[in-house]
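Asker: First residue of the sequence shown: 109, per my numbering; consecutive thereafter. For every residue, glycine included, the Cβ atom is placed at its ideal position computed from N, Cα and C.
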Amino acid sequence: MGNFIQQYRRITIALAVFFILAALIFSLFSWPWFRNMPVKAPVPVAAVPVNTVNKPVRLVREGFAGNAAAVPVNADYTGRVSELYITEGQPVKAGQPLLKLEALDGQSSGTVTTNPPAEAGQHLQDNYDNALKKFTSYQKLYEQGAVARRDLENAAAALQEARRSLDSSRNGPSASAAAAMLSGSVAVKASIDGIVTGLSAALGKTVQAGQQLMALGSGQEINVVLRLEQNDLYLIHLGAAVTIEAPGKTVPGQVYSIYPAVEEQQISSFLAHVKLADQPEPLLEPGMAVTARIDTGKSAAVLAVPSGSVFQDEQGQSFIYAAVNGTAVRQAVSLGESLGDFTEVTSSLPPDMLVITGNPAEIKHGDAITVSP
Numbered sequence: 109m110g111n112f113i114q115q116y117r118r119i120t121i122a123l124a125v126f127f128i129l130a131a132l133i134f135s136l137f138s139w140p141w142f143r144n145m146p147v148k149a150p151v152p153v154a155a156v157p158v159n160t161v162n163k164p165v166r167l168v169r170e171g172f173a174g175n176a177a178a179v180p181v182n183a184d185y186t187g188r189v190s191e192l193y194i195t196e197g198q199p200v201k202a203g204q205p206l207l208k209l210e211a212l213d214g215q216s217s218g219t220v221t222t223n224p225p226a227e228a229g230q231h232l233q234d235n236y237d238n239a240l241k242k243f244t245s246y247q248k249l250y251e252q253g254a255v256a257r258r259d260l261e262n263a264a265a266a267l268q269e270a271r272r273s274l275d276s277s278r279n280g281p282s283a284s285a286a287a288a289m290l291s292g293s294v295a296v297k298a299s300i301d302g303i304v305t306g307l308s309a310a311l312g313k314t315v316q317a318g319q320q321l322m323a324l325g326s327g328q329e330i331n332v333v334l335r336l337e338q339n340d341l342y343l344i345h346l347g348a349a350v351t352i353e354a355p356g357k358t359v360p361g362q363v364y365s366i367y368p369a370v371e372e373q374q375i376s377s378f379l380a381h382v383k384l385a386d387q388p389e390p391l392l393e394p395g396m397a398v399t400a401r402i403d404t405g406k407s408a409a410v411l412a413v414p415s416g417s418v419f420q421d422e423q424g425q426s427f428i429y430a431a432v433n434g435t436a437v438r439q440a441v442s443l444g445e446s447l448g449d450f451t452e453v454t455s456s457l458p459p460d461m462l463v464i465t466g467n468p469a470e471i472k473h474g475d476a477i478t479v480s481p
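1. Buried or exposed for Asn-331, going by 16 or more other Cβ atoms inside 10 Å?
2. Taking Ile-428 as part of the beta strand (DSSP E), name the residues at either end of that continuous run.
3. What did DSSP end up calling Asp-237 once you bin it into helix, strand or coil?
4. When DSSP labels each residue in this structure, what does Gln-247 get in the three-state scheme?
5. Is there at least one Cβ from chain B nearer than 8 Å to Val-296's Cβ?
6. Take Tyr-429 as the anchor and find which of Ala-149, Ser-407 and Glu-470 has the nearest alpha-carbon.
7. Cβ-heavy atom distance between Ser-426 and the ligand ATP below 7 Å?
8. Determine which residues share a DSSP beta bridge with His-473 and list them.
9. To the nearest angstrom, report how far apart Ser-216 and Ala-183 are at their CA atoms.
10. Hey, could you find the ends of the beta strand (DSSP E) Met-322 is sitting in?
11. Around the C-beta of Pro-360, are 16 or more other C-beta atoms found within 10 angstroms, so that it is buried, or is it exposed?
12. Could you say which of Gly-171, Gly-416 and Asp-234 lies nearest to Ala-397 if we only look at CA atoms?
13. Going by C-alpha to C-alpha distance, which of Pro-205, Leu-462, Thr-160 and Gln-316 sits closest to Gly-302?
14. Starting from Gln-439, follow its DSSP beta bridges and name the residues at the other end.
15. Check the C-beta distance from Thr-435 over to Ile-402 and give it rounded, since I have them as a contact under 8 Å.
16. I believe Gly-466 touches Ala-154 by the beta-carbon criterion, under 8 Å. Please report the beta-carbon distance rounded to the nearest angstrom.
17. Given a cut-off of 8 Å on the beta-carbon distance, is the pair Val-294 and Leu-391 in contact?
18. Which partner residues of Lys-208 appear in the DSSP bridge assignment?
19. Using only the alpha-carbon positions, how far apart do Gly-395 and Ala-354 sit?
20. Tell me Gln-362's beta-bridge partners as DSSP assigns them.
21. Going by Cα to Cα distance, which pick from Ser-190, Thr-451 and Thr-454 is closest to Asp-64?
22. Tell me Asp-403's beta-bridge partners as DSSP assigns them.
23. Tell me where the beta strand (DSSP E) around Ile-464 begins and ends.
24. Return the residue from the list Leu-311, His-473, Leu-307 and Val-413 that minimises the CA-CA distance to Asp-460.
25. Going by Cα to Cα distance, which pick from Phe-450, Val-479, Ser-407 and Ala-264 is closest to Val-158?
26. Could you check how far apart the C-beta atoms of Val-165 and Ser-407 are, in whole angstroms? I think they sit under 8 Å.
27. Following the continuous beta strand (DSSP E) through Gly-302, name the residue where it begins and the one where it ends.
28. Buried or exposed: Tyr-342, going by 16 or more other Cβ atoms within 10 Å of its Cβ?
29. How long is the line joining the alpha carbons of Phe-378 and Arg-188, rounded to whole angstroms?
30. Could you pull out every residue in the same chain whose Cβ sits closer than 8 Å to the Cβ of Ala-409, ignoring the five residues on either side in sequence?
31. Please identify the residue among Pro-368, Lys-383, Ile-352 and Gly-405 whose C-alpha is closest to the C-alpha of Gln-362.
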């Protein structure tokens, strides 16, 4: 009987202690000072909608550095330079007059026939001019769907053949051609688009038939050649800005000529020649492989966010914080190019998403936030 009473007392004491503790805890939570303990307030942030910005459209093409080819401009006749229309380093177009030659004193003037070699040289020049005009015309018609691709290929093949014949005659003047005498006057025209280099002709100076007067090229020893497809011609134009990327080097440049590459009487592709910007020392060597980013002059709308709102975690994953129903939500993103104060986002984002821009470094995923107006 005594053991039972002792056990009963222990249970009674334990229950009393339990109820006392419960009463104390309840009273603590009921006191005003406990209820008013500070709770982390929502973080004030600024947020903006996902932006759409215009991104310049650039084509990325592979190419190589090479020795810049220059086409010599030789005199077909012996005569005196009476008019000079160009200067060293000046860009010219195919068919543009470069200078005028006049007969020397003592030579007959007026309408006089020239010897056969001189006539042949002029004939080759005329053939090239006509072939160039035909190819240019067919290229525009082909882009409009007015002529067949085969017609364009034939025009390109004829242009290349005319250019080879003209270059051959100018690079290797015969002895009889060197004796060609001019009667009256004649204009010397550019056979290709290019930049005047090595100008030796001067106003009032006498030149001999077969003498090189200048050369037309990029104006540099090294340029870059890029292979283009037919569709690229809709976007790339002469004078287009180009950024050349080689291992450890970046060089600005400009497209100065585009010619068809003909293989087996068919256009296999087109070759764009890029003139490099002036550099204090050679940056590229012949044969070096390069990547070119060609500015097309066009733009396309892309998604972008303020660059200051983009973060990276330890694994290199880029992310932003979005404001969703008063909460900061971490959103992983894939990025493209930097566009001024914005960064292109290539992954999909809801068009109505609000991107946190103010105090983003002070928040973490799941934090309560208030968006400032």
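Answerer: Judging by the given coordinates:
1. buried
2. 426–432
3. helix
4. helix
5. Considering every chain present, this structure includes no chain B. It has just one protein chain.
6. Glu-470
7. This structure lacks the ligand ATP; in fact it carries no ligand of any kind.
8. Note: His-473 sits in no beta bridge, so no partner.
9. Since pLDDT at Ser-216 reaches only 48, below the 50 mark, its modelled position is unreliable, and the value read off the structure follows with that caveat. Taking the straight line from one Cα to the other gives about 19 Å.
10. 320–325
11. exposed
12. Gly-171
13. Pro-205
14. Ile-428
15. With 8 Å as the limit, Thr-435 and Ile-402 do not qualify as a contact, their Cβ atoms being about 45 Å apart.
16. 3 Å
17. no
18. Glu-191 and Ala-295
19. 11 Å
20. Ala-349 and Lys-383
21. Because the chain here runs from 109 to 481, residue 64 falls outside it and cannot be looked at.
22. Arg-166
23. 462–464
24. Val-413
25. Phe-450
26. 6 Å
27. 302–305
28. exposed
29. 39 Å
30. Thr-160, Val-161, Asn-162 and Lys-163
31. Lys-383
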